[in-house]
Amino acid sequence: MRTFPLKAFTRVPVDCPAVTDSLAVAQVDLGAVAHNVSLVAARTRAQVMAVVKADGFGHGAVPVARAALSAGATWLGVTSATEALELRDAGIDAPILSWLHHAGADFTALVGRHVDVGVSTLAQLYRAASAGGRARVHLKADTGMSRNGACAQEWGELVAWAAKLEAEGAVEVHAVWSHLAAADVPGDASIDRQVAAFGDAVGAARAAGLRPAMLHLANSAATLTRPDLHLDLCRIGLAGYGIEPVPGREHGLRPAMTLVTSVVNVKRVPAGTGVSYHHDHVTAGPATLALIPAGYADGLPSAAQDRASVLIGGRLRPIVGRISMDQCVVDAGELPVRLGDPVVVFGSGEHGEPTAAQWAAWAGTCPHDILTGVGPRVARQYLPEKANV
Ligand SMILES: *Cc1c(COP(=O)(O)O)cnc(C)c1O
Numbered sequence: 427m428r429t430f431p432l433k434a435f436t437r438v439p440v441d442c443p444a445v446t447d448s449l450a451v452a453q454v455d456l457g458a459v460a461h462n463v464s465l466v467a468a469r470t471r472a473q474v475m476a477v478v479k480a481d482g483f484g485h486g487a488v489p490v491a492r493a494a495l496s497a498g499a500t501w502l503g504v505t506s507a508t509e510a511l512e513l514r515d516a517g518i519d520a521p522i523l524s525w526l527h528h529a530g531a532d533f534t535a536l537v538g539r540h541v542d543v544g545v546s547t548l549a550q551l552y553r554a555a556s557a558g559g560r561a562r563v564h565l566k567a568d569t570g571m572s573r574n575g576a577c578a579q580e581w582g583e584l585v586a587w588a589a590k591l592e593a594e595g596a597v598e599v600h601a602v603w604s605h606l607a608a609a610d611v612p613g614d615a616s617i618d619r620q621v622a623a624f625g626d627a628v629g630a631a632r633a634a635g636l637r638p639a640m641l642h643l644a645n646s647a648a649t650l651t652r653p654d655l656h657l658d659l660c661r662i663g664l665a666g667y668g669i670e671p672v673p674g675r676e677h678g679l680r681p682a683m684t685l686v687t688s689v690v691n692v693k694r695v696p697a698g699t700g701v702s703y704h705h706d707h708v709t710a711g712p713a714t715l716a717l718i719p720a721g722y723a724d725g726l727p728s729a730a731q732d733r734a735s736v737l738i739g740g741r742l743r744p745i746v747g748r749i750s751m752d753q754c755v756v757d758a759g760e761l762p763v764r765l766g767d768p769v770v771v772f773g774s775g776e777h778g779e780p781t782a783a784q785w786a787a788w789a790g791t792c793p794h795d796i797l798t799g800v801g802p803r804v805a806r807q808y809l810p811e812k813a814n815v
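Counting in the working numbering, the sequence shown runs from 427 upward without gaps.
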């Protein structure tokens with residue numbers, strides 16, 4: 427191999443090892459997932475469903491599912507048939523609930539592979555009943571979120587038909603469930619209104635002759651703040667990934683993902699230097715600019731511009747100017763940064779790095795959005811579970 431006298435072209439040594447072939451890496455600590463799930467399981471007598479939709483919130487659905495099941499989760503939750511079947515194909519035989527379906531969905535594959543079907547409409551109920559097996563369904567009530575689920579005026583007909591189809595052996599109504607709009611705002615008046623509406627929905631289901639084995643309502647926030655809403659099953663997404671679902675409250679969760687990259691270009695510039703597209707940022711004084719090869723396609727939302735920082739050389743330093751698709755510029759000030767220096771975009775916060783929750787605040791969004799925004803070209807690396815529990 428031909429070697430280039432790179433030292434002649436740069437002030438910095440070139441023998442720094444690359445972090446990996448990938449320009450950015452999401453390190454996933456499966457021990458943290460196990461810790462978080464067992465922490466939640468220890469707080470409830472209900473069963474725990476690990477919600478692994480959207481590829482396990484970007485962490486990898488299959489490894490997260492395995493870690494969660496080993497730590498006490500007994501159910502897995504996904505939104506699509508594709509996601510459910512990925513888990514089955516990986517050999518995972520735990521109960522799975524899948525709850526979003528397109529209008530023409532055929533549930534044969536799900537029912538054949540013992541995946542429970544979330545049912546929000548009469549059409550879905552009929553399709554589940556004709557899937558060629560005794561489909562196990564969870565009837566979803568819209569108790570006030572106005573998203574999925576059957577609303578009050580549709581509920582009576584849904585449970586009546588469900589009772590009829592159950593009597594015929596075409597379905598088994600395993601659960602009645604709903605979802606809360608503002609569980610992350612403890613005390614929000616909508617929570618108790620939804621709880622009351624859920625009680626009405628369950629009452630109507632029983633009056634129709636249904637005897638669901640399970641009732642479930644709680645997401646992560648409700649699981650950690652409203653033990654009275656645990657019912658038979660807590661559906662936890664965010665908490666399993668180690669992000670506190672109610673900002674400002676601490677339950678000892680450990681963030682599972684650390685997004686790291688490295689410095690790929692360094693330059694010293696004078697005051698008055700415009701940086702990145704449209705020169706939104708102009709340096710106030712002489713500065714060292716460090717380029718990192720991660721941008722909004724990798725999970726650094728452009729909406730965090732002018733607020734976001736990263737950990738570089740052990741210090742928090744601001745991202746300056748536009749966050750581009752593939753890269754952004756860090757003002758390293760007077761720090762002696764070098765090519766190849768590691769940069770932590772977000773992590774557990776233990777070493778002073780920002781957390782995904784901080785990025786969410788900078789971008790005006792929720793932490794779910796940050797975690798699931800980590801793009802597909804970011805390599806996932808798994809820290810083994812055992813070493814960390
Ligand atoms: C995503 C989702 C959850 C998990 O929510 P978190 O707030 O991440 O715990 C639970 N239930 C339903 C219906 C969901 O869509």
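Heads up, the beta-carbon is just placed ideally off N, CA and C, and yes, glycines get one too.
List the DSSP bridge partners of residue i.
i, result
"Asp757", "Leu715"
"Thr687", "Ala450 and Val769"
"Trp603", "Lys566 and His642"
"Asp455", "Leu809"
"Ala631", "None, per the DSSP bridge assignment."
"Ala561", "Val597"
"Ala622", "Answer is none; Ala622 lacks a bridge partner."
With distances taken between CB atoms, is the gap from residue i to residue j smaller than 9 angstroms?
i, j, result
"Val474", "Val463", "yes"
"Asp767", "Ala713", "no"
"Ala586", "Val599", "no"
"Ala720", "Trp788", "no"
"Arg743", "Gln731", "no"
"Arg806", "Asp455", "no"
"Lys816", "Val459", "Nothing about residue 816 can be read from this structure; the chain reaches only from 427 to 815."
"Gly725", "His777", "no"
"Gly666", "Ala499", "yes"
"Ala555", "Leu591", "yes"
"Ala647", "Asp610", "yes"
"Leu636", "Val690", "no"
"Leu715", "Val746", "yes"
"Ala567", "Ala576", "yes"
"Val597", "Val563", "yes"
"Met571", "Leu606", "yes"
"Arg661", "His642", "yes"
"Ile796", "Phe772", "yes"
"Gly663", "His794", "yes"
"Ile669", "Thr781", "yes"
"Thr699", "Val692", "no"
"Ala510", "Leu536", "yes"
"Arg469", "Thr649", "yes"
"Val736", "Val763", "no"
"Ser774", "Thr687", "no"
Consult DSSP for residue i and reduce its assignment to one of helix, strand or coil.
i, result
"Val597", "strand"
"Gly582", "helix"
"Leu679", "coil"
"Met427", "Confidence at Met427 is low in this model, with a pLDDT of 35, below 50, so its placement is unreliable and the value that follows should be read with caution. Met427: coil per DSSP, three-state reduction."
"Ile662", "strand"
"Val541", "strand"
"Leu809", "strand"
"Ala472", "coil"
"Ala555", "helix"
"Ala787", "helix"
"Ala576", "strand"
"Ala434", "For Ala434, the predicted structure reports a pLDDT of 37, less than 50, and the residue's modelled location is therefore unreliable. The matter cannot be settled from this model."
"Ala549", "helix"
"Ser774", "coil"
"Val445", "Because the pLDDT of Val445 is 44, which lies under 50, any placement of that residue in the model is unreliable, and the question is left without a value."
"Ala609", "coil"
"Ile617", "helix"
"Val815", "Low per-residue confidence applies at Val815: pLDDT is 44, beneath 50, and the placement is therefore not dependable enough to give any value."
"Leu465", "helix"
"His794", "helix"
"Pro653", "helix"
"Leu636", "coil"
"Pro439", "At Pro439 the pLDDT is 38, less than 50, meaning the model places this residue with poor confidence and gives no usable figure here."
"Glu670", "coil"
Please report whether the beta-carbon of residue i lies at a distance below 9 angstroms from any beta-carbon of chain C.
i, result
"Val490", "Absent from the structure: chain C. Only one protein chain is present."
Check: Along the chain, which unbroken stretches of the beta strand (DSSP E) at least 3 residues long are found entirely within the segment 692 to 751?
Finding: 713 to 718, 735 to 738 and 741 to 746
Next item on the list: Count the C-beta pairs between the segment 483 to 490 and the segment 748 to 765 that are closer than 8 angstroms, then say yes if the count reaches three, no if not.
Entry: no
Checklist line | Continuous alpha helix (DSSP H) assignments of at least 4 residues falling wholly in the segment 474 to 536 | finding: 479 to 483, 487 to 496 and 507 to 515
Check: Would you call the segment 447 to 457 and the segment 613 to 633 touching, i.e. three or more CB-CB distances under 8 angstroms?
Finding: no
Next item on the list: Specify whether the segment 543 to 559 and the segment 512 to 529 touch according to this definition: at least 3 beta carbon pairs, one from each stretch, less than 8 angstroms apart.
Entry: yes
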